[in-house]
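Residues in the sequence shown are numbered from 216 upward in steps of one, following the working numbering.
Built from N, CA and C at the ideal position, the CB exists for glycine as well.
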Amino acid sequence: DLWQARGHVRFDGVTFGYGDDRVILPDFSLDIPAGQTVALVGTTGAGKSTLAKLVSRFYDPTIGTVSLDGVDLRNLHPKDLRRAIVMVTQEAYLFSGTVADNIALGKPDATMEQIRAAARAVGADAFIQRLPDGYDTDVNKRGGRVSAGQRQLISFARAFLADPAVLILDEATASLDIPSERAIQEALQTLLADRTAIIIAHRLSTVAIADRVLVMEHGRIIEDDTPDEL
Ligand code: ATP
Ligand code: MG
Numbered sequence: 216d217l218w219q220a221r222g223h224v225r226f227d228g229v230t231f232g233y234g235d236d237r238v239i240l241p242d243f244s245l246d247i248p249a250g251q252t253v254a255l256v257g258t259t260g261a262g263k264s265t266l267a268k269l270v271s272r273f274y275d276p277t278i279g280t281v282s283l284d285g286v287d288l289r290n291l292h293p294k295d296l297r298r299a300i301v302m303v304t305q306e307a308y309l310f311s312g313t314v315a316d317n318i319a320l321g322k323p324d325a326t327m328e329q330i331r332a333a334a335r336a337v338g339a340d341a342f343i344q345r346l347p348d349g350y351d352t353d354v355n356k357r358g359g360r361v362s363a364g365q366r367q368l369i370s371f372a373r374a375f376l377a378d379p380a381v382l383i384l385d386e387a388t389a390s391l392d393i394p395s396e397r398a399i400q401e402a403l404q405t406l407l408a409d410r411t412a413i414i415i416a417h418r419l420s421t422v423a424i425a426d427r428v429l430v431m432e433h434g435r436i437i438e439d440d441t442p443d444e445l
């Protein structure tokens, strides 16, 4: 029987440091209702990626708890956790293998039809079909070269197929041309629907589509507002 998370994420009195004496998050609390899209912004070193890593359980808090639907992440079965919370980082957009392998990464039993449906949902199907071997194109081979924007779309298709209750996205900083930028924004809206999303946002257009914008500084939230109030 599969546990179905709703996606309510909560930090309760979390203190965290990386093992040196520096505290990165000091007594940090945050409540993200299921389904909310949160854009996280702030200066470099503020603790945005650290927060994301605590939600995806790369690390556990030193003090306090991070919970999903009221359950301490430490008490969740790793399999349930991996299914419920997916993090998309800019370093890990693509792995060696075919485009199809890359989309099916979190769901190895996916059928070709499901893979294509996910690609279609995020607007990636058309360019994939134009690659030398379509979905069988090796992304590392000559001719299989895909652009930065296309890489992001493939990783979005992967996340869409995995369909987690909570999506964490560390948005790429690389600038894209305008058509790619537009394609990414449209794909994002589809990807964010019906799930909780925490996006470390670098684009103003992403901040604009969020329900809530958190500004971080030195491990604290200094502003918590809707995009139009900022
Ligand atoms: P950026 O916008 O540059 O990505 P950020 O807000 O994501 O910054 P974090 O990566 O969370 O910031 O880093 C917060 C602090 O934690 C920084 O001072 C950083 O040097 C430190 N830090 C991050 N990762 C580690 C680590 N693995 N070991 C030790 N310190 C770390
Ligand atoms: Mg970061």
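Own chain partners of residue i with C-beta closer than 7 Å, once the 5 adjacent residues on each side are dropped
i    : result
S271 : I300, M302 and I383
A325 : A319 and L376
Expected contact under 8 Å - CB spacing of residue i and residue j to nearest Å
i    : j    : result
P228 : D242 : Note that residue 228 is Gly in the sequence shown here, rather than Pro. Right, the Cβ-Cβ distance comes to about 6 Å (below 8 Å), so this counts as a contact.
D284 : H223 : 5 Å
F375 : A333 : 5 Å
A249 : T411 : 6 Å
A425 : I414 : 7 Å
Q186 : A254 : The displayed coordinates of the chain run from 216 to 445. Any statement about residue 186 would go beyond what the structure contains.
A363 : L391 : 6 Å
D378 : A267 : In fact, because the Cβ distance is near 19 Å, the residues do not count as touching under 8 Å.
Closer than 7 Å: residue i CB and nearest the ligand MG heavy atom
i    : result
K263 : yes
I415 : yes
Residue i Cβ short of 7 Å to the ligand ATP heavy atom set
i    : result
I239 : yes
G260 : yes
Y233 : yes
G228 : no
G222 : no
G285 : no
G349 : no
G338 : no
G250 : no
G257 : yes
Neighbourhood of residue i by C-beta distance below 8 Å, restricted to the same chain and skipping five residues each side
i    : result
I239 : F231, G232, Y233, G262, T265 and G434
S420 : E396 and Q400
I330 : A315, I318, A319, Y350, A372 and L376
V381 : A220, G222, V224, V270, L283, A299, I300, V301, R410, T411, A412 and I413
Own chain, CB closer than 6 Å to residue i, minus 5 neighbours either side, in chain order
i    : result
L445 : V428
I407 : Checking the sequence, you will find Leu at residue 407 rather than Ile. Counting only Cβ-Cβ distances below 6 Å, and skipping sequence neighbours, we find T252.
L320 : R373
I436 : L429
F226 : F243, S244, L245 and V281
L309 : N317, V354 and R366
A416 : A254, V256, E386 and V422
Point to revise | At least three beta-carbon pairs within less than 8 Å, the segment 251-259 to the segment 334-352 | key: no
Practice item. Please determine if the segment 359-376 and the segment 385-401 are in contact, where contact requires at least 3 C-beta pairs separated by less than 8 Å. Key: yes
Practice item. Mind the definition here: the segment 341-351 touches the segment 278-294 only if three or more C-beta pairs lie below 8 Å; say whether that holds. Key: Contact between the segment 341-351 and the segment 278-294 is absent, with fewer than three C-beta pairs closer than 8 Å.
Point to revise | Cβ contact (3+ pairs, closer than 8 Å) linking the segment 306-324 and the segment 347-357 | key: Verdict: yes, contact present.
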